[in-house]
Amino acid sequence: MFEGWLSIIVFLPAVAALVIALVLRNDQQIRWFAIGATVLNLVLIVITYLNFDRGAGGVQMVDRYQDWIPVDGLRAEYLLGIDGLSAPLVLLTGLLTAVAAFSSWRITLRVREYFIWLLVLETAVLGVFMALDFLLFFIFWEIELIPMFMLISIWGTGRNRYSAMKFVIFTLGGSAFMLIGILALFLSAGVDTFAMVSIPSEGIVGIPDKIIGVDLLIPAGVIWFFLFAAFAVKMPLWPFHSWLPDAHTDAPTAVSIMLAGVLLKMGGYGLIRVSVGMFQETKGFQVQDVAWLLATLAVISIIYGAVITLRQTDLKRLVAFSSVSHMGFVVLGVSAIVSVGGKVTDAGINGAALQMVTHGTITGLMFLTVGLVYDRAHTRYIPDLGGLALRWPLITISMVIAGLASLGLPGLSGFVAEITVFLGAYAVWPWLTAIGAFGVVLAASYVLWMMQRTFFGPRNERFQDIDDANFVDMIPVVALVISIVAIGVYPKIVTEVFKIGISELVRI
Amino acid sequence: MNAHDLWILSPELSVAGLALVVIIADLILNDKKTPLIWLSVIGLSIPLGLTLILWFNTPDTQTGVFGTVTADRLALFFHFLLIGTTAAVIVAAATYSRKFVGFQGEFLALMLLSVSGMMLLVASQDVITAYIALELSALPAAALAAFLRTDRSLEAGLKFLLLSALSSAVLLYGLVYLYGATGTTDIAGILEGINNMDPDGDRAFGSSAIMLGTVMVVAGFGFKMAMAPFQMWVPDVYEGAPTPVVAFLSIASKSAAFAIVLRVLYTALGTDSLAADWSVLIAVLAVITMTAGNLLALSQQNIKRMLGYSTVAHAGYLLVGLAAVAGNSDSEGFIAGPQGVLFYLVAYAVTNLAVFFAIIAITNKTGNDMISGFAGMARRAPILSVLLALGLLSLLGIPPTAGFLGKVFVFSAAVDSNLAWLAIIGVINSVVSAFYYLRVIRTMFLDEPEDEERVTADIPVWAATLVASAALLVFGIAPSSLLEFARHAVTGVVT
Chain F
-12 MFEGWLSIIV FLPAVAALVI ALVLRNDQQI RWFAIGATVL NLVLIVITYL
38 NFDRGAGGVQ MVDRYQDWIP VDGLRAEYLL GIDGLSAPLV LLTGLLTAVA
88 AFSSWRITLR VREYFIWLLV LETAVLGVFM ALDFLLFFIF WEIELIPMFM
138 LISIWGTGRN RYSAMKFVIF TLGGSAFMLI GILALFLSAG VDTFAMVSIP
188 SEGIVGIPDK IIGVDLLIPA GVIWFFLFAA FAVKMPLWPF HSWLPDAHTD
238 APTAVSIMLA GVLLKMGGYG LIRVSVGMFQ ETKGFQVQDV AWLLATLAVI
288 SIIYGAVITL RQTDLKRLVA FSSVSHMGFV VLGVSAIVSV GGKVTDAGIN
338 GAALQMVTHG TITGLMFLTV GLVYDRAHTR YIPDLGGLAL RWPLITISMV
388 IAGLASLGLP GLSGFVAEIT VFLGAYAVWP WLTAIGAFGV VLAASYVLWM
438 MQRTFFGPRN ERFQDIDDAN FVDMIPVVAL VISIVAIGVY PKIVTEVFKI
488 GISELVRI
Chain Z
31 MNAHDLWILS PELSVAGLAL VVIIADLILN DKKTPLIWLS VIGLSIPLGL
81 TLILWFNTPD TQTGVFGTVT ADRLALFFHF LLIGTTAAVI VAAATYSRKF
131 VGFQGEFLAL MLLSVSGMML LVASQDVITA YIALELSALP AAALAAFLRT
181 DRSLEAGLKF LLLSALSSAV LLYGLVYLYG ATGTTDIAGI LEGINNMDPD
231 GDRAFGSSAI MLGTVMVVAG FGFKMAMAPF QMWVPDVYEG APTPVVAFLS
281 IASKSAAFAI VLRVLYTALG TDSLAADWSV LIAVLAVITM TAGNLLALSQ
331 QNIKRMLGYS TVAHAGYLLV GLAAVAGNSD SEGFIAGPQG VLFYLVAYAV
381 TNLAVFFAII AITNKTGNDM ISGFAGMARR APILSVLLAL GLLSLLGIPP
431 TAGFLGKVFV FSAAVDSNLA WLAIIGVINS VVSAFYYLRV IRTMFLDEPE
481 DEERVTADIP VWAATLVASA ALLVFGIAPS SLLEFARHAV TGVVT
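Chains F and Z supply the protein sequences, listed in that same order. Mapping of the first sequence onto the numbering used here: residues -12 to 495, in sequence order. Mapping of the second sequence onto the numbering used here: residues 31 to 525, in sequence order.
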C-alpha cells in the first residue's frame, strides 16, 4: 500500500460529507451517495485488511507527517497506522457504518444533515483506531462527540435532548481526565513525542519505549486511573454506564448500531492499547497491580448488566443493558494480564479483542432488528408486541440468529469469544470467572424470554396489515449474519490478526 | 525625541494619526459615511506594514524614547493581533454602525485611538508609560460602550468608566510600591533593583513591598483581563454595549492586558523566588476566574451576557498558562506557558471574532439578543449558524479548532510546571462549559424558528465571519507556524 492510503480511508467519509453538504440537492441522491461512500470505504478497508502482512506484524501502512506540531517538549505528529489490534476493529467500523447507512434508508427528516453527521462519525471512529499519536488519537476521540450529539438530539426519540447532553457530558468528563493523563505521560522528562508506539529508525512497533521505567510527572498510578476513567466511561463499565441506556434508547436505529457496534469498542481498544499496553513496565505502578480491580468491575458489570436486562420492557433498552453485560466480558478478558506460575497467557486479551468484534456484529444485528420492528410496530414496549413470528418471519429469523449468537451458541461468533475469555480469565481469577460465567446463563434467560414475549406466542392481530422486511432492509441483515456465522465457524480470520497485535503489546 | 524614537513608535503613531485623519475626513464628508470605514481599514495597512518592517529589521530588544517604549517581538506580535482585530471589527461593523447616525466618524476614531493606547501598552518598557497607555485605551472604550445611547448602553459606559478608574487607582498604588522598593519605574530596572537588594538591609521592607505591589498590579490589570473577582463590569457592559464594541473589548482589551501582565511578571518580577510566589497567586486567581465564569454563564438567557461570562472563563484558562512558570521537561519549559498564552490569545481572538460577527450578522436582522431568538436559525441562516456553531465549539475546546489546541498548550504548560491540579480544574471547567455552549447550538439546530423568514447577512460582516472561521480552523489543524511565531515573540521577554 502506498503512503497516504490510510489517510484516504479515514477522510473519504468526511469528503463525502462535504460533497453532500455542498453539491447534492436531492434527498434520494444523498441517500445513494452516502451509502455508496460507506460501501466504497468498506471495500477499501477490506482490501487493507487482506493486505495486512501477518508474517511481518508490527505497525503497517504508516502515514506520517512529523512536523505537525513541532514544539520542543510537545512534539505531536500526524501518525496513522494499523497493527494486529486495530486492523480488525477498522474492518468492524467499515462494516457497521455501511450497515448503519443502509438501515437509515427510511430517514426522511433532514436527510442531508443526517448523512453528513453519520459520515463525519465514521471518519472520527476510523481516526481513533488508526491514530498512533496520542494527541491525534485524542482529537479524533473528541470529534466523534459532535456528530453523536447531533444525531441523537435531532433524529432521536423520547428524551433525546437529555440523553444527547448526558452522553456528551459523560464522555467529555472522561476525556478531560484522559487529556491530563496524556499530557502528564508525555511531558515527563525524556519523553519527547506523543507517539503511542516506539519508533526505532527501522520500523514502528509495539508500545512506546520511552515511558518505561522513567519518573513520570505525576505518579504512574494516577495517570493510569485518569486514562482508565475515559475508557471505562466509553465501554461502559459499571459504575460509569448510566449514560448508555439513555443514549441507546433515544437514538435512531443506525446511531444505536454505531454506538454499540463501534463507539463502545473505542473504550475497549483504549483499554488494551493504552491501559494495558503502556503500563506494564512503568515505574512505581504496573497494570498488573490493579488487574484485580478490573476483574471485579468486570464481573459486577456482567452480572449487574444482565440482571437489569432481565427486567427491561423496552426492546432497545434491553439490548442496551445487555451491552453493559457483554462489554464486561471484554474487561474480564483484559484482567487476565497477571502471571500465573511465572507466565502470562494472552488468551484472556485475545478473547477480549474477539469479544469486541463479535459484540459489535451481534449487537449491531440486534439493534438493526429492533429498528425494523419499531419501524413497523411503532412501539418497542414488549408487552404490546408478541406473535410477530407468524407475520414477519424474516425479521424474526434475524433476531433469532442475533439472540442465539448473543447467548453464546456454538457455531456463532459469541461462543468463541466468550469461551476464550473464560479460558484466559479462569487461570487467573477462578472464583470471579465462575461468577462471571453466570452472565451467560442470565444472557440465555433474557434473550430467550425476550424472544418468546416478542416474536412467539399467538398471532398478533394488531400488525396484520404491515409487511415484513423488504429486500433493502435485508441487505445489512444478511451482511451481519454472514460475518457472525463466518467468525463463529472460522474465527481465525480475526483471531489470527488480533494475536499478532496483542503479542506485540503484552510484554510481561 | 529623535528619528529612532519615531521609528520605534511608528505603528502606534500611525494608528493615532489615522484616527485624526478619520475625524477630519468626517468633517469633510457630509452625509455618506461609508468611505470612512474603508479609509480606516485601508489606513490600518500602514501600521501593519510598519510592524512588519520592524519585525524583520530589528534585533530582539530595541527601546526608544528614553527607554520607555520598546519594539521587541512581543510588542510586535500584539501589534499584529490588535491591528488585525480592529480591522476585522471595523469591517464587520460596517452595517451595524449605521445605528450611530451622524457619529460613524467618531465611532471609528475612538476605536482607533483606543487601539493606539493598547498598542502603546503592549510596547511599554516603563510602568508609567504603561499606566498612561492604559488610560488612553480605556477612556475611548468607555465612550464606545455608551455609543448606542440607550439606557443599558449608557449604564455600560458609565460602569466601565468608573470601574476602570478604580482599577487604575489600584494599579497605580501597586506601581508606587514597586517604585518604592526598587527606585525605578523601568521594567528591566525593577528586575535589576530586586536582584541588587541588600539581603540584610532593605530586604524586609523591599520584599513585602514587592509582594504587595505585585498583587495590586495584577488586580489593576485584572480588570481589563476580565479576571474574577474584578469581573463585575463584564456582563453588564457586554449586554449593553454595541456588539462590535463588545467584540473589540473582549479581544483587543484582554489581549493587551495579558501582554503587559506577561511583560511585568516575566521581566520585572521574573526572579525564581518571586515567580514561585506569584505563580501561586495567579493559579488561585485562575481557579476562581474560570469557575466563576463558567458557573455564572450556565443560567444566562442573553447571548451577549453569556459570552461575557464566557470571556471571564477564558481569562481563567489564560491565567493557567500564565501561572505555568516552572517548566519541568527542559529549559524550553519556561517558555511553554507564555507561548501557550500567546497561542491561546490568537485562537481566542479569531474564535471570538467569528462568534461575535455571526451574532452581529444575525441580530442585525432579527434584533433579538436572547438565546431563544436563535431558535431554528439553522434553517433561517444555515451557513451563519454553522459558522457560529463552529466558533462555539472552538470556545468549548472541541477539535479540530484553534480553541482546542489553545487549551492543550496552556494545560500542557501547567502539567509541565507541576500544576497538574490546576490543569485538572481547567479541564473540568471545560466540561461544565459544554452545557451552555451546546445549549446555543441545540437551540439553533433543533428548536422551531419563530418565523420562517430567511436571515441574509450583509456582505462585509458575512465575509468577516467566514475569514475568522477559516482562521480558527487553520490554526486548529496546522498550528505550527503560529506556534513558531509565538515562540519568537516570547523568547526575548522570558528570562
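Virtual Cβ for every residue (Gly too), placed ideally from N, Cα, C. Since the model is a prediction, treat every value here as computed from it, not as a measurement.
Between the alpha carbons of residue i and residue j, how many angstroms are there, rounded?
{"i": "Gln57 (chain F)", "j": "Ala501 (chain Z)", "result": "Position check: residue 57 (chain F) holds Pro in this sequence, whereas Gln was assumed. Answer to the nearest angstrom: the Cα atoms are 20 Å apart."}
{"i": "Ser361 (chain Z)", "j": "Ala354 (chain Z)", "result": "Legend: pLDDT at Ser361 (chain Z) = 48, less than 50; position of this residue unreliable, value from coordinates given subsequently. Answer to the nearest angstrom: the Cα atoms are 13 Å apart."}
{"i": "Thr215 (chain Z)", "j": "Ser197 (chain Z)", "result": "19 Å"}
{"i": "Pro170 (chain Z)", "j": "Ile156 (chain F)", "result": "42 Å"}
{"i": "Ala508 (chain Z)", "j": "Ile489 (chain Z)", "result": "28 Å"}
{"i": "Gly363 (chain Z)", "j": "Gly47 (chain Z)", "result": "Reliability of the predicted coordinates at Gly363 (chain Z) is poor, the pLDDT of 47 falling under 50, and no value is obtained from them."}
{"i": "Ile406 (chain F)", "j": "Phe434 (chain Z)", "result": "43 Å"}
{"i": "Val71 (chain Z)", "j": "Tyr296 (chain Z)", "result": "34 Å"}
{"i": "Gly373 (chain F)", "j": "Leu302 (chain F)", "result": "12 Å"}
{"i": "Leu503 (chain F)", "j": "Met343 (chain F)", "result": "Lying outside -12 to 495, the shown extent of chain F, residue 503 (chain F) is not represented and no answer is given."}
{"i": "Gln330 (chain Z)", "j": "Ile295 (chain F)", "result": "39 Å"}
{"i": "Val357 (chain F)", "j": "Phe127 (chain F)", "result": "29 Å"}
{"i": "Ala105 (chain Z)", "j": "Val504 (chain Z)", "result": "24 Å"}
{"i": "Thr64 (chain Z)", "j": "Val497 (chain Z)", "result": "21 Å"}
{"i": "Ala313 (chain Z)", "j": "Gly161 (chain F)", "result": "23 Å"}
{"i": "Ile349 (chain F)", "j": "Ala432 (chain Z)", "result": "39 Å"}
Taking the continuous alpha helix (DSSP H) assigned at residue i, which residues delimit it?
{"i": "Trp436 (chain F)", "result": "417 to 441"}
{"i": "Asp156 (chain Z)", "result": "Careful: Asp156 (chain Z) lies outside any alpha helix (DSSP H) and carries neither H nor E."}
{"i": "Pro463 (chain F)", "result": "458 to 476"}
{"i": "Glu64 (chain F)", "result": "First-last for Glu64 (chain F): 61 to 69, but that is the beta strand (DSSP E), not the alpha helix (DSSP H)."}
{"i": "Arg182 (chain Z)", "result": "181 to 212"}
{"i": "Leu203 (chain F)", "result": "Note, Leu203 (chain F): premise wrong, no alpha helix (DSSP H); not H, not E."}
{"i": "Pro77 (chain Z)", "result": "75 to 87"}
Using 8 Å for Cβ pairs, my map puts residue i next to residue j. What's the rounded Cβ distance?
{"i": "Gly370 (chain Z)", "j": "Phe439 (chain Z)", "result": "4 Å"}
{"i": "Ala172 (chain Z)", "j": "Ser146 (chain Z)", "result": "That pair is no contact at about 16 Å."}
{"i": "Pro239 (chain F)", "j": "Leu231 (chain F)", "result": "Contact flag wrong, Cβ pair sits at about 16 Å."}
{"i": "Ser91 (chain F)", "j": "Leu82 (chain F)", "result": "Not really, about 15 Å apart at Cβ, beyond 8 Å."}
{"i": "Ala366 (chain Z)", "j": "Ala322 (chain Z)", "result": "No, Ala366 (chain Z) and Ala322 (chain Z) are not in contact; Cβ-Cβ is about 26 Å, not under 8 Å."}
{"i": "Ser167 (chain Z)", "j": "Ser283 (chain Z)", "result": "7 Å"}
{"i": "Ala21 (chain F)", "j": "Ala3 (chain F)", "result": "7 Å"}
{"i": "Thr495 (chain Z)", "j": "Ala388 (chain Z)", "result": "5 Å"}
{"i": "Tyr368 (chain F)", "j": "Thr300 (chain F)", "result": "6 Å"}
Using a threshold of 8 Å, state whether the C-beta atoms of residue i and residue j are closer than that.
{"i": "Ile167 (chain F)", "j": "Ala453 (chain Z)", "result": "yes"}
{"i": "Thr319 (chain Z)", "j": "Leu349 (chain Z)", "result": "yes"}
{"i": "Ala343 (chain Z)", "j": "Asn226 (chain Z)", "result": "no"}
{"i": "Asp120 (chain F)", "j": "Ala63 (chain F)", "result": "yes"}
{"i": "Ala182 (chain F)", "j": "Leu72 (chain F)", "result": "no"}
{"i": "Ala241 (chain F)", "j": "Ala87 (chain F)", "result": "yes"}
{"i": "Val520 (chain Z)", "j": "Leu299 (chain Z)", "result": "no"}
{"i": "Met474 (chain Z)", "j": "Leu418 (chain Z)", "result": "yes"}
{"i": "Ile120 (chain Z)", "j": "Leu138 (chain Z)", "result": "yes"}
{"i": "Phe450 (chain F)", "j": "Ala364 (chain F)", "result": "yes"}
{"i": "Val200 (chain Z)", "j": "Met148 (chain Z)", "result": "no"}
{"i": "Phe260 (chain Z)", "j": "Ile333 (chain Z)", "result": "no"}
Return the first residue and the last residue of the beta strand (DSSP E) that residue i is part of.
{"i": "Asp54 (chain F)", "result": "47 to 58"}
Next item on the list: Closer than 8 Å, Cβ to Cβ, to anything on chain Z: give me those residues from the stretch 161 to 173 of chain F, in chain order.
Entry: Ala163, Phe164, Leu166, Ile167, Leu170, Ala171
Checklist line | Near-chain Z residues of the stretch 36 to 68 of chain F (beta-carbon distance less than 8 Å), N- to C-terminal order | finding: Result list: Asp54, Trp55, Ile56, Pro57, Val58, Asp59, Gly60, Leu61.
Item checked: Residues in the stretch 437 to 461 of chain Z having any Cβ partner in chain F nearer than 8 Å -> Cβ contacts with chain F: Val438, Phe439, Phe441, Ser442, Val445, Asp446, Asn448, Ala450, Ala453, Ile454, Val457, Ile458, Ser460, Val461.
Note to self: Please list, in chain order, the residues of the stretch 414 to 433 of chain Z that have any C-beta partner in chain F closer than 8 Å.
What the structure shows: Leu423, Ile428, Pro429, Pro430
Note to self: Residues of the stretch 368 to 395 of chain Z in Cβ contact with chain F at a cutoff of 7 Å, in chain order, please.
What the structure shows: none
Check: When Cβ atoms are compared, which residues of the stretch 465 to 484 of chain Z fall closer than 9 Å to chain F?
Finding: Phe465, Leu468, Arg469, Ile471, Arg472, Phe475, Leu476
Notebook entry, point to check: Of the residues that make up the stretch 131 to 143 of chain F, which ones have a beta carbon closer than 8 Å to any beta carbon in chain Z?
Noted result: Leu132, Ile133, Phe136, Met137, Ser140, Ile141
Note to self: Please list, in chain order, the residues of the stretch 488 to 511 of chain Z that have any C-beta partner in chain F closer than 7 Å.
What the structure shows: Within the stretch 488 to 511 of chain Z, the qualifying residues are Pro509, Ser510.
Notebook entry, point to check: Which residues, in chain order, does the stretch 198 to 227 of chain F contribute to contact with chain Z at a C-beta distance below 9 Å?
Noted result: Leu204, Ile205, Val209, Phe213
Checklist line | Against chain Z: residues of the stretch 247 to 273 of chain F by CB proximity under 7 Å | finding: none
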